[in-house]
Every structure is written in structure tokens, then in C-alpha cells.
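The listed protein sequences derive, respectively, from chains A, B and D.
For the first sequence, the working numbering gives the first residue as -4, with consecutive numbering after it.
For the second sequence, the working numbering gives the first residue as 486, with consecutive numbering after it.
For the third sequence, the working numbering gives the first residue as 429, with consecutive numbering after it.
Where a beta carbon is used, it is the ideal one built from N, C-alpha and C, also for glycine.
What follows is one structure encoded as C-alpha cells, with my remarks underneath.
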Amino acid sequence: MTAMLNVKDLRAYYGQVQALHGLSFSLNEGSLTTLLGANGAGKTTTLRAICNMVRSTGAIEFEGAPLSSKSTENIVRLGIAHVPQGRGTFTTMTVEENLQLGAISRTDKAGIVSDIERMYEHFPVLKERYTQQAGTLSGGEQQMLAVARALMLRPRLMLLDEPSFGLAPLVVRDLFKILGKINREEKVTILVVEQNAQLALELADQAYVIETGRIVMSGNAKDIANNEDVRKSYLGY
Amino acid sequence: MSAAAEDAVTEAPAVEAVPKRAMTLGTGTSLAILAALLIAPLFVKNFIAFQMTMVMIYGIAVLALNILTGGSGQFSLGQSAFYALGAYTSAVLMENANVNYALTLPIAGLVSFGAGYLFGKPALRLSGIYLALATFALAVAMPQFLKLHFFESWTGGVQGLVVMKPDAPFGLPLSQDKWLYYFTLAITVAIYIGSINLLRSRSGRAFMSIRDNEIAASAMGVDVAKYKTLAFGVSAGITGIAGGLSAIVVAFVAPDSYTINLAISLFLGMVVGGVGWLPGSFVGAAFIIFVPNIAESISKGLSGAVFGVLLFIVIFLVPHGARQVAIAAQLLMGKLRK
Amino acid sequence: MELFVNQILAGISTGAIYACMALAVVMIYQAIDHLNFAQGEMAMFSTFISWQLMQWGVPYWWAFLLTIAISFAGGILIERLLFKPLAKAPVLTNVAGFIALFAIVNSVAGLIWDFTIKQYPTPFGSSPFLGSQLISTHQAGMIGVTLLMLVGLYLFFQFTRIGLAMRAAAALPESARLVGINTSWMIALGWGMASAIGAVAGILIAPVVFLEPNMMGGVLVYGFAAAVLGGLTSPLGAVVGGFLMGVFENLAGTYIPAVGNELKLPIALALIIIVLVFKPAGLFGRAIVKRV
Chain A
-4 MTAMLNVKDL
6 RAYYGQVQAL
16 HGLSFSLNEG
26 SLTTLLGANG
36 AGKTTTLRAI
46 CNMVRSTGAI
56 EFEGAPLSSK
66 STENIVRLGI
76 AHVPQGRGTF
86 TTMTVEENLQ
96 LGAISRTDKA
106 GIVSDIERMY
116 EHFPVLKERY
126 TQQAGTLSGG
136 EQQMLAVARA
146 LMLRPRLMLL
156 DEPSFGLAPL
166 VVRDLFKILG
176 KINREEKVTI
186 LVVEQNAQLA
196 LELADQAYVI
206 ETGRIVMSGN
216 AKDIANNEDV
226 RKSYLGY
Chain B
486 MSAAAEDAVT
496 EAPAVEAVPK
506 RAMTLGTGTS
516 LAILAALLIA
526 PLFVKNFIAF
536 QMTMVMIYGI
546 AVLALNILTG
556 GSGQFSLGQS
566 AFYALGAYTS
576 AVLMENANVN
586 YALTLPIAGL
596 VSFGAGYLFG
606 KPALRLSGIY
616 LALATFALAV
626 AMPQFLKLHF
636 FESWTGGVQG
646 LVVMKPDAPF
656 GLPLSQDKWL
666 YYFTLAITVA
676 IYIGSINLLR
686 SRSGRAFMSI
696 RDNEIAASAM
706 GVDVAKYKTL
716 AFGVSAGITG
726 IAGGLSAIVV
736 AFVAPDSYTI
746 NLAISLFLGM
756 VVGGVGWLPG
766 SFVGAAFIIF
776 VPNIAESISK
786 GLSGAVFGVL
796 LFIVIFLVPH
806 GARQVAIAAQ
816 LLMGKLRK
Chain D
429 MELFVNQILA
439 GISTGAIYAC
449 MALAVVMIYQ
459 AIDHLNFAQG
469 EMAMFSTFIS
479 WQLMQWGVPY
489 WWAFLLTIAI
499 SFAGGILIER
509 LLFKPLAKAP
519 VLTNVAGFIA
529 LFAIVNSVAG
539 LIWDFTIKQY
549 PTPFGSSPFL
559 GSQLISTHQA
569 GMIGVTLLML
579 VGLYLFFQFT
589 RIGLAMRAAA
599 ALPESARLVG
609 INTSWMIALG
619 WGMASAIGAV
629 AGILIAPVVF
639 LEPNMMGGVL
649 VYGFAAAVLG
659 GLTSPLGAVV
669 GGFLMGVFEN
679 LAGTYIPAVG
689 NELKLPIALA
699 LIIIVLVFKP
709 AGLFGRAIVK
719 RV
């Protein structure tokens, strides 16, 4: 397996404050990787740095090509979909318009139409509400919409920032099931940032643990889940 | 991390938060500038002294806007109305009631404070662009009110009022212009120090909390309505004093001296000086007084365009106004010392 | 009663001017979240370009189309050169930029075409419309064109992909970038479109107010006020606001004693502010809920 995304010595800054202190990791093609860490560890910043949304130094390569000099929108156009924290839903637009926006960089009209139908199959609740303003959806539905919107890009890599945030446990299970399915069936490489370590480790095959802007542990998700320290700090047993 | 990320997502507030300390100059620098201002008139002609006086007067008016915008985050295009009110109060009292010119200033300030407070009461429900529109209406209406026949016996109608220019008291060997320079300087220093103290006081903190986040401020128990109105009133009052001073120094008031153009000039002065940086108000005042003259001297037919280009150059080079220059200079000084 | 009806009619016909301008105001507000104080001057400049073209013998409608194209390109150029560098500057700095642009455009127009008042032709004629002395065929044509532009804008924003992308970029720039929209160019496009709409407004207004560098001063203020009244997020609101504004102004001038011509504007603005106190998002605007 080749590494699809390679991050080397990533340092990121908010103004004068350094948030990442030389982070390195890589994602294999087709993998489902999770990035674990407490509040303020730098998970969100890592994702934002990949899409060039924060000031950062270091090397980020996607399929061999460096990303650092590209604008956010051009990085997205390479096939990297990013579901941001807070979902980034276009609340004043309809559900269907949100999906269309996900595919705004594509030009194959027929493909877009069929993909919208496919999304409605993945997420039947969206079909019921397709003319509704997205802001009227519940939190779980909005998260589904955000994932669906990201998939409309036909991404090669999908970055998810705390998809479980604020959702009921049952909804989270559903969502994670779908993510697993997308990873297996559509061959989308996924990097998911999570505070809900237990679920994330069940879902993922690779895991990284990040603390105060540094990677402190990495490996197979199962091994990480069995690690004493991780169990104590993140899983609570 | 989430807090920082959140910040990046939410839009920048309309007015940048300027920390309290960064709103003023250090004591040493301030005293040096004051000393320079005290001896300056000894070396210059009357006309230059007059122009420097005008810079101080406009500076006070810009400072007043800065307290409102940089301090409490509200925006006003109606400052010219309060300036006019102050000017007319002073002029009418001096000409029709023979009140001593120095005594008219507190009255001008009080009248404008009252007007600003009353106007601010309903207007505080508006914010941003709506408040700008409301204050704009006030600025447009003011010259028309001053022209009304009803007031003509006091205000002189369209013609305006000519005021006696005061001589230096106690037989001081100063020309009228130079005496008024010192008179204005004293008042400017008093207002400047008073403003700094206001912004450092409990009320000042309340203003700034409203500027930075109105909802959070009210959640913390700041009486938002009260302090917004207060900021409006104080700003109007100080502007009124500036207006009163201008009536004394220029020795003439007329409705058309106080059009919306004056309000726009004061606004530009604030931006060029740096929003929220009090000393910048005087830099901005110098800009709005001298740059149009410079533009005129470069090209008569295109003076507007030259002014626009100069303004663009300034905001391109220093989008945060004179404050940015001051900070850069400070950093440079620090480096040189090492 | 007849006076009342007549005043309303007269109000609607002046309102058409404001509606036209308000549409351009809303357009740019949607794109960049600011009120462009130089918009009226840009429209005036466009109108002068069309006048110049006609002076050179270009037929009316060709001049009309050419002017729109030039204005569109000009709007984009102004954004790229002058306002893109200010995108990260404080909002008030941007406002100062608009004022600077205002001064430049006004002064340059005065230099090229001088400040004398010029006649400007109308393609609709200026005979009474349907026998009414208060509304001329030109004003009727102006109302028609304004409504056409409104429908055109609605179709553009609702049914084209680029319209959708522009809406997304205006609503949530960050999310828009994350679906691959080049938000910076969407802003430039917004400038171009606003400038083109402004050109149409200027060309329609010029036969009524006559052509000169200061022709837009008053009109823009009314346009702003109309846009704010209707709701800055709604093109339909802007147009309705424009007509209401015209009617307000005429009725106030007729029925409130002591309101001469001079006080019409403040009175109209005061009325708007009263409306806004009760309906802060404007008549048709979406209320924006603020979060801490």
C-alpha cells in the first residue's frame, strides 16, 4: 500500500500562538484512520492545515503533490472533502441545494443527478426533506447532510472533524456505520478526528493519538484500543 | 483548539478590539509632544497657529467619534450635527446673551450631550448600518433646521452669525490667534486626559465589552442600553465642545459649514488615525485638514481624484491607520536599542 | 382624494429610480457585505460612457449593451485592483476606500465631461403614460426594466450553478471554499454584476435627472434607504422598498406641513428608521440570529 497523504513536520500558528509542534503522519490509500486527542490537542488544526486554512509550515503531500502552496478551494478540487467542525451547513438553502453545492466543482451533469439519488439512498431522511431549509434539520440530520455534501465531490480523501459532536449515541452509531460502508464500498480514504475514542477506535483501522500539538502514539486501531495509557486517558476504564 | 478554530470561523467584528493599554501613548512621549506644542507658536506665523488650532479642534471631534466607535463599537455619521449644535450654542450665547466665550463651552457640551443622549435613546435599538442611516439622516437634516425661519432671529438663518474674536486676557502679549491656540490646547489636553480616564474607568470597560460582544456583555450584567446611550451622549458632548471652540476660533457660524461632508471628514480622520487609538485622532485631523489642500495644489481640476488617490495610498500602506505606524515605530525602536 | 392618488402615482414613478438603484445596492451587499458608497458614482460614470458612445454615433441599444459590458468588466477590475487587497483590512477601512473611490470617479468624470448638465435620450418617449400626466412612458418603461432585471436576477440566483455558488460564497465563505468555490472570484463577479446593474440604473435615471457628475448624489442615498427598508438580503425587498420610498417622500411633502423640499429626505429616512425599529431586518429581509 502506498501512502496517499503524507504530513511531515507540520507546525501551525494562530497569530503568535503555535498550535502544532512538528506533527508527522501518513494515510494509506483506502484506510480509515482516526486522530484522537483531548480538547485543544490540535486535531482540528491538523485538518485545517491540510486544507490550508491556517498558517502552517512543513510538508503536506497528497498523492505525491505538495499542497502547501495551493488555496483551499484548489485543494478541495483535488478530491479532498472536508466536513468541518460545526458541519458548515448552508442553513438558508434547501437540502438539495446543499448537495448541489457539494458537487459545484464537477461538470458531469448526469453524474451529479445520479449521485444526488445515491445520497438519498444512503440517507433516506434527506430525501424526505429535500426542499426544506437545511437549517431546520436536526443536528443528526445536518451531520448526515454534511457527509452527503462532502461525498458529492466524489472525493478520494475525506476529512471529518468530530462528526459525533452533539449527537445522540444512536445517531452516532448510524453515522459511523455509514462511514464504514463508504470507506469499504466507495473506496474513499477517511481521516476522522474524534473525541469519542471508543467508537472511533471500533470503526478505524489505523489510529494516531495527539497531545498538545504532537503525535504521541500511532499504530493499528486495535492495538491502540488495548493500550493501557489510552484506555485510562481516553476510554475511561 | 476548538476555541481558536471557532474564532477563525466566525466573522471578524466590525470594529477591531483595541486593548486598553494600546489606546494611548506612553507618558514620556506624551509629555514631549506637549512640550513641543507649548513652544511651537513662538516660532510660527499667526496663520499657522490658526491651522494648528483647527487641527486640535477637529482632533477633539475625531476623538469623540473614536470614543463612540473605537470604544463602544457604535458608528455615527451624524457627528456634524452635534458639532453644529455646539457651534451654534456658543455663537448664540456670545452674540445674543453676551456670555463669556470660555463659559459657553461647557454649555455647548451639555446641550450636545443632552441632544446626543436623547437621540441615542431610540437609536440604540439600531446597530451597524441602520445606526449609520439614522445618524446620516440627522446630519442631513441639521443644516436645514438651522436655516428655519422660526429660529432666524437667533441663528441669523442662511447668513449665519459673525462672532467677536476674543483678545488675550490679562494683557498677555499674544495675538488673538496665538491666544486661542493656547486656549484650545488647554482644553484639548483636558479632554484628552479625561477621555483616557473615561475609557479606563468602569464605564470604559463597559463600552469595550459592548464593542467586543454585545450579547456576552449583557450576559455579564452590563446594562447595554444604558452604556450605549451614555457613549452616544459623551461622544456628542465632546463633539459639541469642539464645535463651540470652532465657533470662537473661526468667529463665524453658518448652516452650510456643517453638512454631511463634515461628518464624512471626521469619519475619514478616525480611519486614517486608527480606529480606537486616541492619539491617532489628531493625526487623522491633520489629514482631513491638510490633504485636501495638498490635493488642490497638485491639481485644481482633479483635486477630488488626487484626494482619493492619497487616501487609497494611506489605507493601502497602513490599513490600521496611524496606530500601525506607531506600533511599527515602537518595534523598530525596541530593536535599535538591543 | 384625487390629490392623494396622484401623489401615490408620482411617488411610484420617482420610486422606480430608487428601486433601480436599490437593486444594485443589494447586489453588491450580497456579494461583499458592504454598502458601496461609490456605487452611484460608478453608475454615473457608466452613463457618461454610454452618452459618449452615442455622441460618437453608436445607436442607443448598442451603446446600452456595450456600456453594460464595459461596466461589468470595470467593476471586476476595480475589485481586483483596489478592494481585493483590502479584503482583510478592517471594515471601516473599506468604507474609507469607498469614499476615496467616490471622490476619484466624481472628479475624473468632471474633468472628462465637465459639470454642465446634459440631456439624455430615452427609448421609451416621454409622452403621458395611459393618459396620466404624472407617469410618463419613460417612467413606465423604467418600472418595466426594473421588474425585468428583478426577475432575471431571481432566475440567475435560483437556477444557475454560478448563482448558487455566489449565494454560497456570500452566506458562508469558509464552507463555500470547502466545496471548491473560489470565493474571491465570486466577490469580483458580484462587483461586476452590481456595476452592470448600476449602469442600467444610471441610463434609466439620466433622462429624468439629467446627466452630470453629481446626478447620483441624492439618488444613491434613496437607493440605500430603500434597500435597507426592503431588507438588504432581498432583491425583491429592495425594489418594493424603492417604490415605498418614493411614495413616502411624496406624501410627506404634500401632507406634513413645514416639510419643504429640503426636509423631504430626513423625513423619509426617519420613517424608515421607525419601520426598522420594529422590523430590524427590513420588510423582506431574513432576520439573522446572532450567536455568542
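{"Asked": "My understanding is that Val667 of chain D touches Ala447 of chain D, with C-beta atoms under 8 angstroms, so please give their C-beta distance in whole angstroms.", "Found": "4 angstroms"}
{"Asked": "Taking Cβ to Cβ, would you say Ser21 of chain A is nearer than 8 angstroms to Val2 of chain A?", "Found": "yes"}
{"Asked": "Give a yes or no on whether 8 angstroms exceeds the smallest Cβ distance from Ser766 of chain B to chain D.", "Found": "no"}
{"Asked": "Roughly how many angstroms lie between the CA atoms of Ile460 of chain D and Gly618 of chain D, to the nearest whole one?", "Found": "8 angstroms"}
{"Asked": "Alpha helix (DSSP H) containing Ala597 of chain D: first to last residue?", "Found": "Arg589 to Ala599"}
{"Asked": "Can you tell me whether DSSP reads Val647 of chain B as helix, strand or coil?", "Found": "strand"}
{"Asked": "Taking the alpha helix (DSSP H) that Gly765 of chain B falls in, what are its first and last residues?", "Found": "Gly765 to Ile783"}
{"Asked": "My output table needs one value for Ala7 of chain A: the three-state DSSP class, helix, strand or coil.", "Found": "strand"}
{"Asked": "Just the C-alpha distance for Gly706 of chain B and Gly722 of chain B, rounded to the nearest angstrom, thanks.", "Found": "26 angstroms"}
{"Asked": "Quick one: which unbroken beta strand (DSSP E) runs of 3-plus residues sit fully inside the stretch 62 to 142 of chain A? Chain order, please.", "Found": "75 to 78"}
{"Asked": "How is Val760 of chain B classed by DSSP in three states: helix, strand or coil?", "Found": "coil"}
{"Asked": "Can you tell me the Cα-Cα spacing of Ile749 of chain B and Ile185 of chain A, whole angstroms?", "Found": "54 angstroms"}
{"Asked": "Could you give the distance in angstroms between the alpha-carbon of Val494 of chain B and the alpha-carbon of Gln80 of chain A?", "Found": "With a pLDDT of only 33 at Val494 of chain B, under 50, the local geometry of the prediction cannot be trusted, and no value is derived from it."}
{"Asked": "Which residues share a DSSP beta bridge with Asn1 of chain A?", "Found": "A:Ser21 and A:Glu56"}
{"Asked": "Rank D:Phe552, D:Ala466 and D:Ser623 by C-alpha distance to the C-alpha of Asn642 of chain D and give the top, closest one.", "Found": "D:Ala466"}
{"Asked": "How many angstroms separate the CA atom of Phe712 of chain D from the CA atom of Leu751 of chain B?", "Found": "33 angstroms"}
{"Asked": "Can you tell me where the alpha helix (DSSP H) with Gln435 of chain D in it begins and where it stops?", "Found": "Glu430 to Ile460"}
{"Asked": "Is there a Cβ from chain D that is less than 8 angstroms from the Cβ of Gly706 of chain B?", "Found": "no"}
{"Asked": "Three-state secondary structure (DSSP) at Arg50 of chain A?", "Found": "strand"}
{"Asked": "Might you give, ordered along the chain, the residues of its own chain that have their beta carbon closer than 6 angstroms to the beta carbon of Ala489 of chain B, omitting 5 neighbours on each side?", "Found": "Residue placement at Ala489 of chain B is poorly supported in this model, since its pLDDT is 36, which falls under 50; the coordinates still yield a value, given next. So the list is empty, once near-sequence residues are dropped."}
{"Asked": "Can you find a CB in chain D that lies within less than 8 angstroms of the CB of Ser64 of chain A?", "Found": "no"}
{"Asked": "Look up His805 of chain B in the DSSP assignment and say whether it is helix, strand or coil.", "Found": "coil"}
{"Asked": "Determine the burial state of Asn191 of chain A: buried for a count of at least 16 other Cβ atoms within 10 Å of its Cβ, exposed for fewer.", "Found": "buried"}
{"Asked": "So, is Trp489 of chain D buried or exposed, given that buried needs 16 or more other C-beta atoms within 10 angstroms?", "Found": "exposed"}
{"Asked": "Considering just the uninterrupted stretch of the alpha helix (DSSP H) at Asn610 of chain D, what are its terminal residues?", "Found": "It is not in any alpha helix (DSSP H) - Asn610 of chain D carries neither H nor E in the DSSP assignment."}
{"Asked": "Do Ala624 of chain B and Ile745 of chain B have their beta-carbon atoms positioned less than 8 angstroms apart in this structure?", "Found": "yes"}
{"Asked": "Mark Lys718 of chain D as exposed unless 16 or more other C-beta atoms lie within 10 angstroms of its C-beta, in which case mark it buried.", "Found": "The predicted model places Lys718 of chain D with a pLDDT of 45, which falls under 50 and marks its position as unreliable; any figure quoted below should be read in that light. Under this definition Lys718 of chain D is an exposed residue."}
{"Asked": "Counting beta carbon pairs with one atom in the stretch 37 to 57 of chain A and one in the stretch 198 to 210 of chain A, are three or more of them shorter than 8 angstroms?", "Found": "yes"}
{"Asked": "Kindly confirm or deny that the stretch 730 to 742 of chain B and the stretch 660 to 673 of chain B touch, where touching means at least three C-beta pairs closer than 8 angstroms.", "Found": "yes"}
{"Asked": "How far does the alpha helix (DSSP H) with Ile185 of chain A in it reach, from first residue to last?", "Found": "No alpha helix (DSSP H) holds Ile185 of chain A; the beta strand (DSSP E) holding it covers Thr184 to Glu189."}
{"Asked": "Taking the CB atoms as reference points, tell me whether Ser597 of chain B and Phe567 of chain B lie closer together than 8 angstroms.", "Found": "yes"}
{"Asked": "Under the three-state reduction of DSSP, which class applies to Val529 of chain B: helix, strand or coil?", "Found": "coil"}
{"Asked": "For Gly765 of chain B, which residues from the same chain have a beta carbon less than 6 angstroms from its beta carbon, with the 5 sequence-adjacent residues on both sides left out?", "Found": "Gly758, Gly759, Gly806, Ala807 and Arg808"}
{"Asked": "Closer than 7 angstroms, Cβ to Cβ, to anything on chain D: give me those residues from the stretch 73 to 86 of chain A, in chain order.", "Found": "His77, Pro79, Gly83 and Phe85"}
{"Asked": "In whole angstroms, give me the CA-to-CA distance for Leu670 of chain B and Pro654 of chain B.", "Found": "16 angstroms"}
{"Asked": "For Asp542 of chain D, is the classification buried or exposed, using 16 other Cβ atoms within 10 angstroms of its Cβ as the cut-off for buried?", "Found": "exposed"}
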